[in-house]
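Protein sequences, first through last, are from chains E and W.
Heads up: the first sequence at position 76 corresponds to 76 in full-length UniProt numbering, and the numbers run straight through without jumps.
Heads up: the second sequence at position 19 corresponds to 19 in full-length UniProt numbering, and the numbers run straight through without jumps.
Yeah, the Cβ is synthetic: ideal placement off N, Cα and C, and Gly gets one too.
Bear in mind the structure is a predicted one, so any value in this text is a computation, not a measurement.
Report on the following structure.
Protein chains: 2
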Amino acid sequence: MLPQDRQSEIMKQLQKFRTIKISDISKSLNVTRETIRKDLYEMEERGLVRKVHGGAIINKANFETKYINRKSTNEAEKRSIAKRAAEFVEDGDTIYIDYGTTALFFTQEILSKKDLTVVTNSLPIASELVDYSDFDVIILGGSVRKNEKSLFGPVAYRGIEKIYVDKGFFGIGAVDIHAGYTNVHMGESEVSRLMMSHSQKNILMADYSKFNTAAMNQVASIEEVDVLITDANTDQDVLEQLKKRKTVVLTVETEGNGLDE
Amino acid sequence: MLPQDRQSEIMKQLQKFRTIKISDISKSLNVTRETIRKDLYEMEERGLVRKVHGGAIINKANFETKYINRKSTNEAEKRSIAKRAAEFVEDGDTIYIDYGTTALFFTQEILSKKDLTVVTNSLPIASELVDYSDFDVIILGGSVRKNEKSLFGPVAYRGIEKIYVDKGFFGIGAVDIHAGYTNVHMGESEVSRLMMSHSQKNILMADYSKFNTAAMNQVASIEEVDVLITDANTDQDVLEQLKKRKTVVLTVETEGNGLDE
DNA sequence: TTCTGTTCCCATAATAATCTGATAAACAAA
DNA sequence: TTTGTTTATCAGATTATTATGGGAACAGAA
Numbered sequence: 001m002l003p004q005d006r007q008s009e010i011m012k013q014l015q016k017f018r019t020i021k022i023s024d025i026s027k028s029l030n031v032t033r034e035t036i037r038k039d040l041y042e043m044e045e046r047g048l049v050r051k052v053h054g055g056a057i058i059n060k061a062n063f064e065t066k067y068i069n070r071k072s073t074n075e076a077e078k079r080s081i082a083k084r085a086a087e088f089v090e091d092g093d094t095i096y097i098d099y100g101t102t103a104l105f106f107t108q109e110i111l112s113k114k115d116l117t118v119v120t121n122s123l124p125i126a127s128e129l130v131d132y133s134d135f136d137v138i139i140l141g142g143s144v145r146k147n148e149k150s151l152f153g154p155v156a157y158r159g160i161e162k163i164y165v166d167k168g169f170f171g172i173g174a175v176d177i178h179a180g181y182t183n184v185h186m187g188e189s190e191v192s193r194l195m196m197s198h199s200q201k202n203i204l205m206a207d208y209s210k211f212n213t214a215a216m217n218q219v220a221s222i223e224e225v226d227v228l229i230t231d232a233n234t235d236q237d238v239l240e241q242l243k244k245r246k247t248v249v250l251t252v253e254t255e256g257n258g259l260d261e
Numbered sequence: 001m002l003p004q005d006r007q008s009e010i011m012k013q014l015q016k017f018r019t020i021k022i023s024d025i026s027k028s029l030n031v032t033r034e035t036i037r038k039d040l041y042e043m044e045e046r047g048l049v050r051k052v053h054g055g056a057i058i059n060k061a062n063f064e065t066k067y068i069n070r071k072s073t074n075e076a077e078k079r080s081i082a083k084r085a086a087e088f089v090e091d092g093d094t095i096y097i098d099y100g101t102t103a104l105f106f107t108q109e110i111l112s113k114k115d116l117t118v119v120t121n122s123l124p125i126a127s128e129l130v131d132y133s134d135f136d137v138i139i140l141g142g143s144v145r146k147n148e149k150s151l152f153g154p155v156a157y158r159g160i161e162k163i164y165v166d167k168g169f170f171g172i173g174a175v176d177i178h179a180g181y182t183n184v185h186m187g188e189s190e191v192s193r194l195m196m197s198h199s200q201k202n203i204l205m206a207d208y209s210k211f212n213t214a215a216m217n218q219v220a221s222i223e224e225v226d227v228l229i230t231d232a233n234t235d236q237d238v239l240e241q242l243k244k245r246k247t248v249v250l251t252v253e254t255e256g257n258g259l260d261e
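This is how it looks when you write it as structure tokens:
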């Protein structure tokens with residue numbers, strides 16, 4: 001690999017994540033940290049990045065805000081939750097990723113894993129994976145919903161029939177101790193529901209804003225979810241009750257990646 | 001191997017990968033690194049590449065035009081063909097759109113129609129439709145192929161089982177009077193083949209460059225295609241033979257699109 | 001604060017690529 | 001055949017790049 005290739009790879013990563021850690025990139029490109037450090041200083045000379053302790057931050061001029069980086073509500077919480085969820089993914093796994101913002105953040109966190117087979121019902125997530133990973137990507141099929149570009153309907157349900165995965169990762173619209181896990185859109189909820197029953201382990205990601213409300217369509221009962229990941233702002237009472245009902249509850253501190261300004 | 005051949009081979013590699021390593025190319029062409037080095041310096045003189053330590057990088061201007069050309073060889077022909085094909089679409093139709101460049105142009109031509117239900121196996125085409133139309137969009141599902149972002153495999157085949165459309169619009173890799181209609185990728189060909197049998201009327205789009213060659217996987221025999229749309233550059237003999245075998249052949253004049261928006 | 005694990009920085013070693021000029025091979029014209 | 005020209009190879013010295021390791025500096029947690 002030419003130094004130029006290495007640097008454009010670094011740039012590509014930066015355009016996606018805004019910041020980069022030397023330890024991460026040196027591992028993924030199989031060169032020593034010193035080499036990356038030198039690259040980053042060189043790129044700083046050219047005005048492409050700003051070097052900071054542990055990594056670098058992309059120069060704003062070069063950072064085009066893609067839809068993927070568009071601010072979503074509670075972005076910091078969602079990213080932290082997604083990061084924690086990604087720790088459940090092991091090299092070689094076959095996983096399902098649901099649609100939604102949190103799921104998209106989750107997708108970005110697993111790009112460095114190896115040999116995954118990923119099933120999804122979200123067009124943007126499939127595109128992201130095809131562009132930035134070497135995973136086998138399988139999309140469910142079905143009617144495309146306008147706002148989320150997620151899939152639902154008979155074709156999707158038939159597609160699921162013969163698909164089984166090790167782990168399923170789900171965002172969710174609402175969590176309530178009585179109503180269970182619920183969503184607004186009926187078709188999408190049905191997809192999530194089916195995939196949960198086709199997944200060995202169900203990991204659910206929900207930031208604090210999702211708790212103590214309910215939507216029309218139940219995706220899962222409390223018992224059907226194995227792990228729930230949420231942030232520190234969530235009402236502790238609900239979490240206690242979930243724990244009593246055998247859900248493993250993980251609470252993450254909201255953090256940047258250590259390289260924020 | 002002539003020096004000229006060697007250099008055009010280097011150029012070919014560069015157009016594909018943007019950069020090249022002397023050690024790699026010298027190995028694959030079985031000449032010493034010194035020879036390649038000399039070639040690269042010569043090519044730098046002619047403004048084709050930039051020589052860097054360890055290899056060379058293609059001149060940007062050169063690369064981008066080539067890349068665009070490759071993405072849409074015969075763009076004018078394809079657009080004209082797509083426009084003609086779009087005339088077959090009536091408001092309220094349920095249609096299938098195959099993957100590929102011509103199919104994408106076709107998609108852009110039907111955006112002004114009303115109340116369509118569109119089935120496709122191409123991620124970019126589905127995205128285009130969701131963003132710019134109010135059609136019901138159904139995507140087949142399946143494994144995502146990297147380069148075309150098209151879908152294939154068991155999930156796709158199962159999805160097709162219960163889907164029937166009024167009209168199917170297909171691009172095609174190769175047309176030969178003996179081999180019939182063929183494509184390179186086995187999985188995609190299978191999808192196209194299945195959809196043809198689930199479609200009342202099959203309309204096929206192929207510019208002149210596709211004729212009198214054959215690829216590995218047959219998509220359809222000559223008899224299975226109802227309408228073939230091509231451009232004026234196509235060999236008339238083949239078209240005559242197709243007409244004899246009951247294909248409706250339409251030839252479009254290639255129009256300049258200099259004033260198009 | 002102190003402790004702990006990183007990261008940084010620098011000198012040096014190891015590896016890889018370049019440059020140079022001499023030599024050999026291929027080929028055409030005399 | 002000889003001769004001249006072109007082209008590719010080879011060897012060695014030189015230079016560029018990357019890796020390694022150790023002490024200093026840093027950041028986060030107890």
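query                                                                                                                                                       : result
Using the Cα positions of W:E44 and W:I58, report the straight-line distance between them to the nearest angstrom.                                          : 9 Å
With a threshold of 7 Å between beta carbons, is W:I22 in contact with chain E?                                                                             : no
Just to confirm, are E:R230 and E:V165 a CB contact at a threshold of 7 Å?                                                                                  : The displayed chain sequence assigns Thr, not Arg, to residue 230 of chain E. The answer is no: Cβ separation not under 7 Å.
Does E:K146 have its Cβ less than 7 Å from a Cβ in chain W?                                                                                                 : yes
Which whole-angstrom value describes the C-beta separation of W:K127 and E:I138, a residue pair presumed to lie in contact below a C-beta threshold of 8 Å? : According to the sequence shown, residue 127 of chain W is Ser rather than Lys. About 18 Å; that fails the 8 Å criterion.
For W:G141, would you say it is in contact with chain E, using Cβ-to-Cβ distances shorter than 7 Å as the test?                                             : yes
What are the residues in the stretch 179–200 of chain E lying within 8 Å of chain W by C-beta distance?                                                     : none
Output, in sequence order along the chain, the residues in the stretch 148–168 of chain E whose CB is closer than 8 Å to any CB in chain W.                 : K149, L151, G153, P154, V155, A156, R158, G159, E161, K162 and I163
According to DSSP, W:K21 sits in a beta bridge with which residue or residues?                                                                              : W:G55
Helix, strand or coil, according to DSSP, for W:M216 in the structure here?                                                                                 : coil
Count Cβ pairs between the stretch 209–229 of chain E and the stretch 48–58 of chain E that sit closer than 8 Å; are there 3 or more?                       : no
On the three-state DSSP scale, how would you describe E:Y208?                                                                                               : helix
How would you call E:L151, buried or exposed, if buried means at least 16 neighbouring beta carbons within 10 angstroms?                                    : buried
Could you tell me which chain W residues have their CB closer than 8 Å to the CB of E:V137, listed as they occur along the chain?                           : S143 and V144
Let me check understanding here. Comparing Cα to Cα, which of W:V219, W:E188, W:A214 and W:A206 lies closest to W:F106?                                     : W:A206
Under 7 Å Cβ to Cβ from E:K27, same chain only, skipping five residues before and after it: list those, please.                                             : none
Pull up the distance between the alpha-carbon of E:N111 and that of E:D24, whole angstroms please.                                                          : Note on residue identity: the sequence assigns Leu, not Asn, to residue 111 of chain E. Their Cα atoms are separated by approximately 12 Å.
Between the stretch 153–172 of chain W and the stretch 157–176 of chain E, do at least 3 Cβ pairs fall closer than 8 Å?                                     : yes
Compare the C-alpha of E:A174 against each of E:G168, E:E188, E:A214 and E:E190 and name the closest.                                                       : E:A214
Within the 7 Å Cβ cut-off, does E:Q108 reach chain W?                                                                                                       : no
Does W:V248 pass the burial test, meaning 16 or more other C-beta atoms within 10 Å, or should it be called exposed?                                        : exposed
How would you label W:P3, buried or exposed, when you count the other beta carbons within 10 angstroms and need 16 or more for buried?                      : exposed
Would you call the CB atoms of residue 263 of chain E and E:D136 closer than 7 Å?                                                                           : This structure cannot settle anything about residue 263 of chain E, because the visible part of chain E is limited to 1 through 261.
Would you mind stating whether E:K149 and E:P124 have Cβ atoms separated by less than 7 Å?                                                                  : yes
Compare the C-beta of W:K66 against all C-beta atoms of chain E and say whether one is closer than 7 Å.                                                     : Summary for W:K66: the model assigns pLDDT 47, below 50, so the residue's position carries little reliability, and this model does not support an answer.
So, does the CB of W:A126 fall closer than 7 Å to a CB anywhere in chain E?                                                                                 : yes
Can you check whether the C-beta of W:T117 is within less than 7 Å of a C-beta belonging to chain E?                                                        : no
Between which two residues does the beta strand (DSSP E) containing E:S143 stretch?                                                                         : G142 to V144
Beta carbons nearer than 9 Å to chain W: which residues of the stretch 5–33 of chain E have them?                                                           : D5 and S8
On the criterion of 16 or more Cβ atoms from any shown chain inside 10 Å, does E:T101 qualify as buried, or is it exposed?                                  : buried
In chain W, which residues lie with their C-beta within 7 Å of the C-beta of E:V130?                                                                        : V144, K146 and K149
Helix, strand or coil for W:K16? Go by DSSP, reduced to three states.                                                                                       : helix
How about W:G55 and W:I22: are their beta carbons less than 7 Å apart?                                                                                      : yes
Can you find a C-beta in chain W that's less than 7 Å from the C-beta of E:L104?                                                                            : no
Report the neighbours of E:L2 on chain W: residues whose CB is nearer than 7 Å to its CB, in chain order.                                                   : T19, K21, V52, G54 and G55
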